[in-house]
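Trainee: As you go down the protein sequences, you meet chains A and B in turn.
Residues in the first sequence are numbered from 41 upward in steps of one, following the working numbering.
Residues in the second sequence are numbered from 41 upward in steps of one, following the working numbering.
We treat Cβ as the ideally placed atom computed from N, Cα and C, and that holds for glycine.
Handing you this structure, nothing more for now.
Number of protein chains: 2
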Amino acid sequence: MKLPPLNALRVFLVAAEHHSFTKAGETLHLTQGAVSRHIQTLEAHYGLPLFVRQARGLTLTPEGVALFPAVRDAFSRIEAASEAISRRSRELRVKASPSIASRWVLPRFTQFRNRYPDLMVSLVTVTGFDPNFKSREYDISFQACETQEPGLIYHRLRGARFVPVASPDLFKDKPRPTMAQFMEYPLLHPSHEDQFWSQWFALSGMNPGNSIEAYAFDTLDLAITAASRGMGITLAEESMIADDLANGTLVQLSDVALVTSWAYYLIYPQELATLPSVIAFRDWALAEFSDTPPAPASRAQ
Amino acid sequence: MKLPPLNALRVFLVAAEHHSFTKAGETLHLTQGAVSRHIQTLEAHYGLPLFVRQARGLTLTPEGVALFPAVRDAFSRIEAASEAISRRSRELRVKASPSIASRWVLPRFTQFRNRYPDLMVSLVTVTGFDPNFKSREYDISFQACETQEPGLIYHRLRGARFVPVASPDLFKDKPRPTMAQFMEYPLLHPSHEDQFWSQWFALSGMNPGNSIEAYAFDTLDLAITAASRGMGITLAEESMIADDLANGTLVQLSDVALVTSWAYYLIYPQELATLPSVIAFRDWALAEFSDTPPAPASRAQ
DNA sequence: GTTTACCATGCATAAAATTCATGGAGCAAT
DNA sequence: ATTGCTCCATGAATTTTATGCATGGTAAAC
Chain A
41 MKLPPLNALR VFLVAAEHHS FTKAGETLHL TQGAVSRHIQ TLEAHYGLPL
91 FVRQARGLTL TPEGVALFPA VRDAFSRIEA ASEAISRRSR ELRVKASPSI
141 ASRWVLPRFT QFRNRYPDLM VSLVTVTGFD PNFKSREYDI SFQACETQEP
191 GLIYHRLRGA RFVPVASPDL FKDKPRPTMA QFMEYPLLHP SHEDQFWSQW
241 FALSGMNPGN SIEAYAFDTL DLAITAASRG MGITLAEESM IADDLANGTL
291 VQLSDVALVT SWAYYLIYPQ ELATLPSVIA FRDWALAEFS DTPPAPASRA
341 Q
Chain B
41 MKLPPLNALR VFLVAAEHHS FTKAGETLHL TQGAVSRHIQ TLEAHYGLPL
91 FVRQARGLTL TPEGVALFPA VRDAFSRIEA ASEAISRRSR ELRVKASPSI
141 ASRWVLPRFT QFRNRYPDLM VSLVTVTGFD PNFKSREYDI SFQACETQEP
191 GLIYHRLRGA RFVPVASPDL FKDKPRPTMA QFMEYPLLHP SHEDQFWSQW
241 FALSGMNPGN SIEAYAFDTL DLAITAASRG MGITLAEESM IADDLANGTL
291 VQLSDVALVT SWAYYLIYPQ ELATLPSVIA FRDWALAEFS DTPPAPASRA
341 Q
């Protein structure tokens, strides 16, 4: 393939559009002389003139006319493709469940934005998980899961550990309840299935029976929020209540922790692994949310 | 329009095709390091990697995959257009009537070819004239004409002057005939219309009557050739018989010359006036065939 | 463990692009 | 005609860019 001088072609394009070397120079931030030389280079390459120089103005020769649309189309094709892939390096859509979004990501999201102000990062909060990222609605996902799909890269953030918490206001001047006294308070279920409390009680060697008062919530976050408002005792994932414990909104009522078989992962498709936006967010998220320090090279686990 | 570095794009294209910087360098007659730097330039421009460097081999990132066809298509578009207009600067099709072709052009054609060995010049010999070059079968035409069409450039070569000639063999040891004795020989008509001889006789103040023996030919050339073989006396255009008179194949029988109202022109479409091939042939033809020295700037008459 | 095949990179050099200043050609208006 | 104006072309110097060379580093294969 023997191509003409490409930079000269771009200058030709602009000069042909303006019908003027001088104006083309202004557009390209070049002097008129530089434009003239580029056109000369191109004309020498083809061995024929592309412009008819007249005192009144510049005209294209038939060969210039023939060349013009080809160059215009070619460059706009390149421009379109460039624009498409440039956008992918500037945008990032992060998916998280409502609980993770509000308890993990949102509190520290501005920090990430501030560190990468050129990145247009958005948080997509959906329940449910498209396990192959087929919907292409998000680029990277915080996800609790047990199995791994091929084609995806998984970074384990932490295991899920549930401990009982409640607002200190729930007990007023009474002493905090022992495990055996939990049933005297409303028990808040972080999901509609009764898995957490029953497992936790089993772990503690207790049988609460069926007579306990209980509320079920859609998400872990809602149960924690309800607990912090004094509605009862909930099982909360440890990493989601660090702030509440620190500022006294919640108190932890037992050291017995329900360790589930699943863990929280940061997941993204393998083909996005080279995107700087994905790399930046991954490294930041691993440092922020992992319970183990990330490997030095920040590689996949 | 903000385009990526174009030369780097070409290097990218080759490297992507070869899946190797080293091989791309060989193809482009560059070192591997130069290729590496071009790719770096491009990746820096986009802010993302285009290749995944592995010890085993080079792979494109999804962004590289997206970029590749766009670059390939764009460059092949430019290449096609370049090829098309390059060919037009290397090829030239000259049209001439059979007479002009054989009497003017062919004898000196190799001289022109030798001067411009890179030019693929062909001679198209057709009778009839497409007055607007609409058929696009030829680029430049030798043509006898009286009127001028707009959009064409006319260079007057010479007026047409007809003089009577014959082979010296026709008369053997007899003296050459006077005008009055022409009718004793077969008169060769250079066209099927009886315009030339009747006009010439009228010019000479004679009336040949109808009883003369005559042959009509399709072209001026055929009549001259016939005359040179001793078939009779013909009227020949002066510029076409210079060689025959010089080497004695023909002798001129009178100084009375029929000057027609039309002249020979070299004609080409205005839009081809910038083609180097047209310019080269025009300048050569004017110097070779014009009865007046060409103007210094070789401008249209 | 050693070799091998690649790509990356610091440094020197070659090449190209660009500017600046100036010249010249064609039009338009006086 | 003459003058002025607007463009494009061009010589020479300079800056920028590309390239080569030699070397280093890494990961796979033997």
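(1) At 4 residues or longer, and completely inside the stretch 104-181 of chain B: list those alpha helix (DSSP H) runs for me, N to C.
(2) Assuming contact is defined by CB atoms lying nearer than 9 Å, are Leu98/B and Val105/B in contact in what I supplied?
(3) Determine whether the Cβ of Pro109/B lies closer than 9 Å to any Cβ atom of chain A.
(4) Spatial neighbours of Glu83/B within its chain, please: CB distance less than 6 Å, with the 5 preceding and 5 following residues excluded, ordered by chain position.
(5) Taking Cβ positions only, does Ala95/A come closer than 9 Å to chain B?
(6) Using 8 Å as the threshold, is the stretch 185-198 of chain A in touch with the stretch 295-313 of chain A, meaning 3 or more CB pairs across them?
(7) For Ala200/A, which residues from the same chain have a beta carbon less than 7 Å from its beta carbon, with the 5 sequence-adjacent residues on both sides left out?
(8) Please list, in chain order, the chain B residues whose beta carbon lies closer than 7 Å to that of Val92/A.
(9) Classify Ser76/B as helix, strand or coil using the three-state DSSP reduction.
(10) Determine, using beta carbons only, whether Phe61/A comes closer than 9 Å to chain B.
(11) So which residues on chain B does Gly87/A lean against when the C-beta distance must stay under 7 Å?
(12) Quick one: list the residues of chain B neighbouring Ala106/A, beta-carbon separation under 8 Å, in chain order.
(13) Is Pro147/A buried or exposed, if buried means 16 or more other CB atoms sit within 10 Å of its CB?
(14) Identify each residue in the stretch 169-201 of chain B for which the Cβ-Cβ distance to at least one residue of chain A is less than 9 Å, and report them in chain order.
(15) Bridge partners of His229/B, per DSSP?
(16) Taking 9 Å as the threshold (beta carbon to beta carbon), is Phe115/A in contact with chain B?
(17) For Gln221/A, which option in Met271/A, Gln94/A and Leu293/A has the closest C-alpha, if you only look at C-alpha atoms?
(18) Between the alpha carbons of Ser231/B and Phe241/B, how many angstroms are there, rounded?
(19) In its own chain, which residues sit with a C-beta less than 8 Å from the C-beta of Ala340/B, not counting the 5 before and 5 after it?
(20) Less than 6 Å between C-beta atoms, sequence neighbours within five positions excluded: which residues of the same chain meet that for Asp331/B?
(21) Should Glu224/A be flagged as near chain B, meaning a C-beta pair shorter than 9 Å?
(22) Buried or exposed: Gly272/A, going by 16 or more other Cβ atoms within 10 Å of its Cβ?
(23) May I have the straight-line CA-CA distance separating Arg176/A from Leu315/A, to the nearest angstrom?
(24) Mind checking which residues open and close the beta strand (DSSP E) that includes Pro204/B?
(25) Would you mind sorting Pro333/B into buried or exposed? The rule is 16 or more other CB atoms within 10 Å of its CB.
(26) Against chain B, with Cβ distances strictly below 9 Å, would Ile307/A count as a contact?
(27) Give a yes or no on whether 9 Å exceeds the smallest Cβ distance from Leu43/A to chain B.
(28) Do three or more CB pairs link the stretch 149-168 of chain A to the stretch 104-120 of chain A at distances below 8 Å?
(29) Nearest to Ala56/A by alpha carbon, out of Leu46/A, Leu100/A and Leu70/A?
(30) Going by the DSSP bridge assignment, what does Ala303/B pair with across the sheet?
(31) Between which two residues does the beta strand (DSSP E) carrying Glu277/A extend?
(32) Assign Ala325/B to buried or exposed, taking buried as 16 or more other Cβ atoms, counted over all protein chains shown, within 10 Å of its Cβ.
(33) Counting C-beta neighbours from all protein chains within 10 Å, is the total for Ala95/B 16 or more, i.e. buried, or is it exposed?
(34) Helix, strand or coil: which one does DSSP assign to Thr67/B?
(35) Which residues in chain A have a C-beta closer than 7 Å to the C-beta of Thr101/B? List them in chain order.
(36) What residue range is occupied by the uninterrupted beta strand (DSSP E) comprising Phe91/B?
Mentor: Put simply:
(1) 146-155
(2) Along the second sequence, one-based indexing puts residue 98/B at 58. Along the second sequence, one-based indexing puts residue 105/B at 65. No, they are not a contact pair.
(3) To locate residue 109/B, count along the second sequence from 1; it is residue 69. Cβ-Cβ to chain A under 9 Å: yes for Pro109/B.
(4) As a position in the second sequence, residue 83/B is number 43, starting the count at 1. For Glu83/B, where only same-chain residues beyond five positions count, the Cβ hits under 6 Å are Pro89 and Leu90.
(5) Counting from one through the first sequence, the residue named residue 95/A turns up at place 55. Chain B contact via Cβ: absent.
(6) yes
(7) Working through the first sequence from its first residue, we reach residue 200/A at position 160. Hits under 7 Å: Ala184, Glu277, Thr300, Trp302, Ala303 and Tyr304.
(8) Your numbering for residue 92/A matches position 52 in the first sequence. Correct list: Thr314.
(9) The residue given as residue 76/B occupies position 36 in the second sequence. Reduced to three states, the DSSP call for Ser76/B is helix.
(10) As a position in the first sequence, residue 61/A is number 21, starting the count at 1. Not closer than 9 Å to any Cβ of chain B, the Cβ of Phe61/A fails to qualify, so no.
(11) Here the question's residue 87/A lines up with position 47 in the first sequence. Result: Ser129 and Pro316.
(12) To locate residue 106/A, count along the first sequence from 1; it is residue 66. Here the neighbours are Ala121, Ala124 and Ile125.
(13) As a position in the first sequence, residue 147/A is number 107, starting the count at 1. Exposed, by the Cβ-count rule.
(14) Answer in chain order: no residues at all.
(15) Residue 229/B sits at position 189 when you count from the first residue of the second sequence. Partner(s): Ala256/B.
(16) In the first sequence, counting from the first residue as 1, residue 115/A sits at position 75. With 9 Å as the cut-off, Phe115/A counts as an interface residue toward chain B.
(17) Looking up residue 221/A in the first sequence gives position 181. Answer by Cα proximity: Leu293/A.
(18) Here residue 231/B refers to the residue found at position 191 of the second sequence. Here residue 241/B refers to the residue found at position 201 of the second sequence. The alpha-carbon atoms of Ser231/B and Phe241/B are separated by roughly 16 Å.
(19) Mapped onto the second sequence, residue 340/B falls at position 300. Only weak support is given to the placement of Ala340/B: the predicted model assigns it a pLDDT of 37, under 50, and the value that follows is read from those uncertain coordinates. For Ala340/B, where only same-chain residues beyond five positions count, the Cβ hits under 8 Å are Ile193, Tyr194 and His195.
(20) As a first step, residue 331/B is located in the second sequence; it is residue number 291 there, counting from the start. Closer than 6 Å at the Cβ level, and outside the excluded window around Asp331/B, lie Arg198.
(21) As a working note, residue 224/A is residue 184 in the first sequence. Chain B, which has no Cβ nearer than 9 Å to the Cβ of Glu224/A, makes this no.
(22) As a first step, residue 272/A must be located in the first sequence, where it is residue number 232. Buried, because 16 or more other Cβ atoms sit within 10 Å of the Cβ of Gly272/A.
(23) The sequence position of residue 176/A within the first sequence is 136, counting from 1. The sequence position of residue 315/A within the first sequence is 275, counting from 1. About 15 Å.
(24) Here residue 204/B refers to the residue found at position 164 of the second sequence. Looking at the DSSP string, the run of the beta strand (DSSP E) that includes Pro204/B is Leu192 to Ala206.
(25) Sequence index remark: in the second sequence, residue 333/B carries index 293 (1-based). Unreliable positioning characterises Pro333/B in this predicted model, as indicated by a pLDDT of 46, which lies under 50. The coordinate reading is nonetheless provided below. So Pro333/B ends up on the exposed side.
(26) Within the first sequence, residue 307/A is the residue found at index 267, counting from 1. Chain B, which has no Cβ nearer than 9 Å to the Cβ of Ile307/A, makes this no.
(27) Looking up residue 43/A in the first sequence gives position 3. With 9 Å as the cut-off, Leu43/A counts as an interface residue toward chain B.
(28) As far as the Cβ criterion goes, the stretch 149-168 of chain A does not touch the stretch 104-120 of chain A, which means the pair count is below three.
(29) Mapped onto the first sequence, residue 56/A falls at position 16. Checking every option, the nearest Cα to that of Ala56/A belongs to Leu100/A.
(30) Sequence index remark: in the second sequence, residue 303/B carries index 263 (1-based). Bridge partners of Ala303/B: Cys185/B and Gly199/B.
(31) In the first sequence, counting from the first residue as 1, residue 277/A sits at position 237. Glu277/A -> beta strand (DSSP E) spans Ile273 to Glu277.
(32) Here residue 325/B is taken as the residue at index 285 of the second sequence, counted from 1. So Ala325/B ends up on the buried side.
(33) Locating residue 95/B in the second sequence gives position 55, where the first residue counts as 1. Per the 10 Å Cβ criterion, exposed.
(34) Sequence index remark: in the second sequence, residue 67/B carries index 27 (1-based). In this structure, Thr67/B counts as helix in the three-state DSSP scheme.
(35) Residue numbering aside, residue 101/B sits at position 61 when the second sequence is read from its first letter. For Thr101/B, the chain A residues whose Cβ falls inside 7 Å of its Cβ are Thr314, in order along the chain.
(36) Translated into the one-based positions of the second sequence, residue 91/B becomes position 51. Start and end: Phe91 to Arg93.
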